[in-house]
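Taking it in order: structure first as structure tokens, then the write-up.
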Amino acid sequence: MPIADSDGTAVYYERHGSGPAILFVHGSGGHHAAWWQQVAALREEFTVVTVDLRGFGRSDSDMSEFDGQDFPGDVVAVLDREDLTDVMLVGQSIGSVAALRAALLRPRRVSSVVLGHSLGGVSHPELRELAAADRAEAVKLPVIDRLLTKEFQRERADLTFLFQQMGTFNAARMADLRNLDTDGPTLQDIADSGVRVAFLAGERDAVLSVKTVTRAHELLPGSHLEIVPDAPHSMYWEAPAEYNRAVARLRRTLTAPKEQKETA
């Protein structure tokens with residue numbers, strides 16, 4: 010069983026396929042198995058790595074409480090143990106915050122980060138205000154309606170049930186992630202790292218609006234923007250074909266020849 014040591018915490022991960030590396034970082038209700046539709050589709054062309062952050066899936070969950078500030082280190086532990094380079098990190102929702110921080114800790118290993126349905130915890134007053142307004146609207150909806158469209162819930166009751174069951178394997182909960190985006194990186198921090206950033210979002214995301222994501226893209230020079238029509242917040246689950254095509258396209262095109270110092 011592949012295990013990385015993250016400052017004494019056992020972090021479970023899996024590695025599939027071969028080729029340019031993609032490492033997926035799950036969101037608050039996920040774990041390594043949530044990426045089943047991505048692994049199957051992408052492993053023929055890419056090395057696909059999935060990870061369980063502490064408190065999720067098969068990683069160490071024995072601690073009495075969880076601090077989101079520790080999650081980037083879990084990703085770094087996997088990068089180091091597998092000696093990965095030129096990796097594209099792909100985050101889902103809150104997992105994007107851990108992905109971006111991990112990239113800034115290991116810019117020599119990570120060439121690019123895809124912020125899926127997230128601003129990555131970037132510290133910027135205008136973006137903070139826009140995201141807060143989006144959250145105020147999102148909380149008016151039942152949780153499942155924030156994540157999947159009503160049409161999908163109606164037509165694919167089986168996959169909707171499985172989606173909801175995924176979170177039952179986790180000890181950590183959304184409340185345990187609350188510190189993750191505290192003291193986030195600035196736009197200048199990202200630019201200085203040389204890591205390329207792409208924003209990937211769904212047109213029907215009920216958690217983070219296209220308007221907010223587009224503004225983040227405008228504020229971050231050199232960033233990429235992918236908006237998938239008719240896709241919800243959990244696009245990777247509900248619209249995997251479109252999601253996988255977008256991820257594969259970004260992996261093929263995002264490169265970051267750069268010279269920067271490794272963060273200790």
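Under the numbering used here, the first residue of the sequence shown is numbered 10, with each subsequent residue one higher.
Yeah, the Cβ is synthetic: ideal placement off N, Cα and C, and Gly gets one too.
Three-state secondary structure assigned by DSSP to S18: For clarity, residue 18 is Thr in the given sequence; the question names Ser instead. Note: T18 maps to strand in three-state DSSP.
V34 vs G82 beta-carbon contact at 7 Å: no
Alpha carbon of A5 to alpha carbon of E235, nearest angstrom: Outside the shown range of the chain, which is 10 to 273, sits residue 5, and nothing can be said about it.
For G125: DSSP bridge partner residues: Q101, L209
CB contact flag (H242, L156, <7 Å): yes
Q47 classed as buried or exposed, judged by whether at least 16 other C-beta atoms fall within 10 angstroms: buried
Between the CA atoms of P11 and T158 - distance to the nearest angstrom: 35 Å
Pick from V106, H126, G28 that is closest to V58, judged by C-alpha positions: G28
Inter-stretch contact (C-beta, 8 Å, three-pair minimum) for the region 117-133 and the region 174-185: no
Beta-carbon proximity check, H40 vs F170, cutoff 7 Å: no
Any 3 or more C-beta pairs closer than 8 Å across the region 197-210 and the region 221-232: yes
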